[in-house]
Amino acid sequence: VLSFDKDLGMTSVVRSAEIRYFGEYVGMVTFDMSMAGTHRNNLELLWTAIFLALLVGGALVAVTHLILRKHLKRPMEHLNAMATAFARGDFDRWSMRSPSLEFQGVSTAMNSMGQAIKEQMHRLQKAEAEYRSIFDNAIHGLVQTRADGTILKMNPAIAAMLGHESPR
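In case it helps, this note's numbering puts the sequence shown at residues 277 to 444.
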């Protein structure tokens, strides 16, 4: 038998139960705990839960940051390098696919765009070469001027007609 009383001057929680052995009454147990102790324990549990929530939340943020950095940084750098090369006019170098499955659609679209630009540039250069050939080899004199009469270009035929060796 253990019994002691402690008066804390506060309300307390009291629980009692009978102790029976094979259905026969053996004794009684009484649990008496002050509300101050319960309040202190609850406060400790609250601060522990807050600390753990912050710790787990911080760890989740850190791990998510590392994972996103690893899995997004390389594909984004690849697409950035691809766009920079396109801006410089380098369309051949980027025939490779994006290293990330999520960005392969964008990479494929950029490769198609680069190929289309490359083909258009080739057609433009070919048309310019044909125009230059027609302009330079025409037997008639051709002159390109501004609206104010300033001469922009003239072909060799007009230069010869005017008694000069070259259009310059």
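Glycine included, C-beta positions come from ideal geometry on N, C-alpha and C. Model, not experiment: these values are computed from the prediction.
Query raised in the report: Starting from His-434 and walking both ways along the alpha helix (DSSP H), at which residues does that stretch end?
Result: As a working mapping, residue 434 is identified with position 158 in the sequence shown. Looking at the sequence itself, residue 434 is Ile, so the reference to His does not match. That run of the alpha helix (DSSP H) goes 432-437.
Query raised in the report: Do Phe-367 and Gly-390 have their CB atoms nearer than 8 Å?
Result: Here residue 367 refers to the residue found at position 91 when the sequence shown is read from its first residue. Here residue 390 refers to the residue found at position 114 when the sequence shown is read from its first residue. One thing to note: Phe-367 has its Cβ within 8 Å of the Cβ of Gly-390.
Requested in this report: Enumerate in chain order the residues of its own chain whose CB-to-CB distance from Thr-357 is below 7 Å, with the five nearest sequence positions on each side excluded.
Outcome: Sequence index remark: in the sequence shown, residue 357 carries index 81 (1-based). In the sequence as presented, Thr is not what sits at residue 357; that position holds Ala. Once the five neighbours on either side are set aside, Ala-357 has no close Cβ partner at all.
Query raised in the report: Quick one, which of Asp-424, Ala-359 and Ala-433 has its alpha-carbon nearest Ile-415's?
Result: For the purposes of this step, residue 415 is taken as the residue at position 139 of the sequence shown. Per the Cα distances, Ala-433.
**Report entry** Residue nearest to Asp-412 in terms of C-alpha spacing, selected from Glu-320, Arg-350, Gly-425 and Met-430
**Finding:** Stepping through the sequence shown from its first residue, residue 412 is reached at position 136. When each option's Cα is compared against that of Asp-412, the closest is Met-430.
**Report entry** Extent of the continuous alpha helix (DSSP H) to which Thr-384 belongs
**Finding:** Counted from its first residue, the sequence shown places residue 384 at position 108. In the DSSP assignment, Thr-384 falls within the unbroken alpha helix (DSSP H) covering 380-413.
Query raised in the report: So, is Ser-292 buried or exposed, given that buried needs 16 or more other C-beta atoms within 10 angstroms?
Result: Within the sequence shown, residue 292 is the residue found at index 16, counting from 1. So Ser-292 counts as exposed.
Requested in this report: Could you pull out every residue in the same chain whose Cβ sits closer than 7 Å to the Cβ of Glu-294, ignoring the five residues on either side in sequence?
Outcome: Stepping through the sequence shown from its first residue, residue 294 is reached at position 18. Only Tyr-301 and Met-304 meet the Cβ criterion.
Requested in this report: Alpha carbon to alpha carbon, how far is His-315 from Val-290? Give it in angstroms, no decimals.
Outcome: By 1-based counting over the sequence shown, the position of residue 290 is 14. By 1-based counting over the sequence shown, the position of residue 315 is 39. Roughly 15 Å between the two C-alpha positions.
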